[in-house]
Amino acid sequence: MTIKRPATLSSRAARANLGHCNHSAVTGITRAIDQLGGLYDGLASVRAAQNPMHTAEARAQAYKKQFEAAQKRAEEILKRGVDQMVSFQADAEDAAREKAGLNRSVPHAAEIRSALRNMTQAERDKAMSDSLAAGDVEPLLSCMAANPILTGRFTTPLEVHLKLLMETAAPELVQARADLEAMGNHLSVAAGAFRKASEAMRDLNAEQRGEQGEQLAAEAERKLAAAMAGTLETEQSATVDAYIERQKLSQAQVKESGSSF
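Okay, here's the thing in structure tokens:
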């Protein structure tokens, strides 16, 4: 039984939704979706093949092997797609950090942290807000990777300030994050559709009967081999026994001849 090809195994919707984005990740995601669709088409062809020389059990076993191989290939395709998304996210955030002036060192970071640590929390919050409002990112950079013990605690998490600063300096980052979410959704839906549709084409009952038949056939061959080995051993034993009997008869005849003289 074949299943109708899911519409989500085509990159058409992803291309329409992400056509404004020129990053190579979009090409990688749409290619991954189309590759999953190609895998499904290949499996559907295997499942639909009706070789009159094969039983239903043999066809089910053949499909199962191809299905398992296709799942491994799908995992490789998905991994490459995820890698493309990670690259897209890194590029977008690096560009935003550069525009926000965050890709620089702060020579007096230790002194800034010490000054903030000696303030009350309210004073510390105000100092951070005032510096950011004035375009001074050094206090934020000085504290981002530091243990709160060295800086004192802030009411608003520093990550919130960082996110707002990056989005203000690079408004396109908001769209990039939306694009990233859309990529993940398209890829996830395609992966789920491929798995579900390819799994539905399996004939689990026929697979089970085929496995049982293979086990029975293997056992029968083992018994036949043992029986043939036993027959050969019996024939060899019979030959040896006959030889011994002839030797005994010959010796008896010699003795008889000797006693007649």
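Counting from 1192, one number per residue, gives the positions in the sequence shown under this note's numbering. Cβ coordinates follow ideal geometry from the N, Cα and C atoms, glycine included. Given the structure is predicted, the values throughout are model-derived calculations rather than measurements.
CA-to-CA distance, residue j to residue i, given in whole angstroms
{"i": "residue 1419", "j": "residue 1400", "result": "28 Å"}
{"i": "residue 1293", "j": "residue 1219", "result": "29 Å"}
{"i": "residue 1251", "j": "residue 1357", "result": "55 Å"}
{"i": "residue 1484", "j": "residue 1402", "result": "Outside the displayed span of the chain (1192 to 1452) sits residue 1484, for which this structure offers no information."}
{"i": "residue 1180", "j": "residue 1243", "result": "This structure gives no information on residue 1180, because the portion of the chain shown stretches from 1192 to 1452."}
{"i": "residue 1397", "j": "residue 1249", "result": "8 Å"}
{"i": "residue 1327", "j": "residue 1302", "result": "15 Å"}
{"i": "residue 1335", "j": "residue 1319", "result": "12 Å"}
{"i": "residue 1225", "j": "residue 1201", "result": "5 Å"}
{"i": "residue 1247", "j": "residue 1238", "result": "10 Å"}
{"i": "residue 1205", "j": "residue 1390", "result": "24 Å"}
{"i": "residue 1408", "j": "residue 1421", "result": "20 Å"}
{"i": "residue 1360", "j": "residue 1309", "result": "31 Å"}
Run of the alpha helix (DSSP H) containing residue i, from where it starts to where it stops
{"i": "residue 1345", "result": "Residue 1345 -> no alpha helix (DSSP H), and no H or E assigned at all."}
{"i": "residue 1377", "result": "1363 to 1391"}
{"i": "residue 1331", "result": "1329 to 1335"}
{"i": "residue 1285", "result": "1247 to 1290"}
Spatial neighbours of residue i in its chain, beta-carbon cut-off 8 Å, leaving aside the 5 residues before and after
{"i": "residue 1386", "result": "1262, 1265"}
{"i": "residue 1245", "result": "1253"}
{"i": "residue 1393", "result": "1251, 1254, 1255, 1258"}
{"i": "residue 1322", "result": "1328, 1329, 1330, 1331"}
Neighbourhood of residue i by C-beta distance below 6 Å, restricted to the same chain and skipping five residues each side
{"i": "residue 1210", "result": "none"}
{"i": "residue 1241", "result": "none"}
{"i": "residue 1275", "result": "1216, 1219"}
{"i": "residue 1452", "result": "Low local confidence applies: a pLDDT of 43 at residue 1452 is under 50, so the model's placement there is unreliable, with the coordinate-based value given in what follows. For residue 1452, where only same-chain residues beyond five positions count, there are no Cβ hits under 6 Å."}
{"i": "residue 1306", "result": "none"}
{"i": "residue 1339", "result": "none"}
Secondary structure of residue i, DSSP reduced to three states
{"i": "residue 1297", "result": "coil"}
{"i": "residue 1212", "result": "coil"}
{"i": "residue 1311", "result": "coil"}
{"i": "residue 1201", "result": "coil"}
{"i": "residue 1396", "result": "helix"}
{"i": "residue 1196", "result": "coil"}
{"i": "residue 1244", "result": "coil"}
{"i": "residue 1451", "result": "Unreliable positioning characterises residue 1451 in this predicted model, as indicated by a pLDDT of 49, which lies under 50. The coordinate reading is nonetheless provided below. Three-state result, residue 1451: coil."}
{"i": "residue 1229", "result": "helix"}
{"i": "residue 1471", "result": "Past the edges of the chain, shown from 1192 to 1452, lies residue 1471, and the structure says nothing about it."}
8 Å contact criterion, which residue i and residue j should meet: CB distance rounded
{"i": "residue 1234", "j": "residue 1382", "result": "Not really, about 15 Å apart at Cβ, beyond 8 Å."}
{"i": "residue 1316", "j": "residue 1345", "result": "6 Å"}
{"i": "residue 1272", "j": "residue 1415", "result": "Incorrect: roughly 51 Å between the Cβ atoms, too far for contact."}
beta-carbon residue i near the ligand ADP non-hydrogen atom, thresh 8 Å
{"i": "residue 1319", "result": "This structure does not include the ligand ADP; it has no bound ligands of any sort."}
Residues near residue i by beta carbon distance below 7 Å, same chain, minus five either side
{"i": "residue 1195", "result": "none"}
{"i": "residue 1231", "result": "1196, 1200, 1385, 1388, 1389"}
{"i": "residue 1337", "result": "1304"}
{"i": "residue 1268", "result": "1223, 1226, 1227"}
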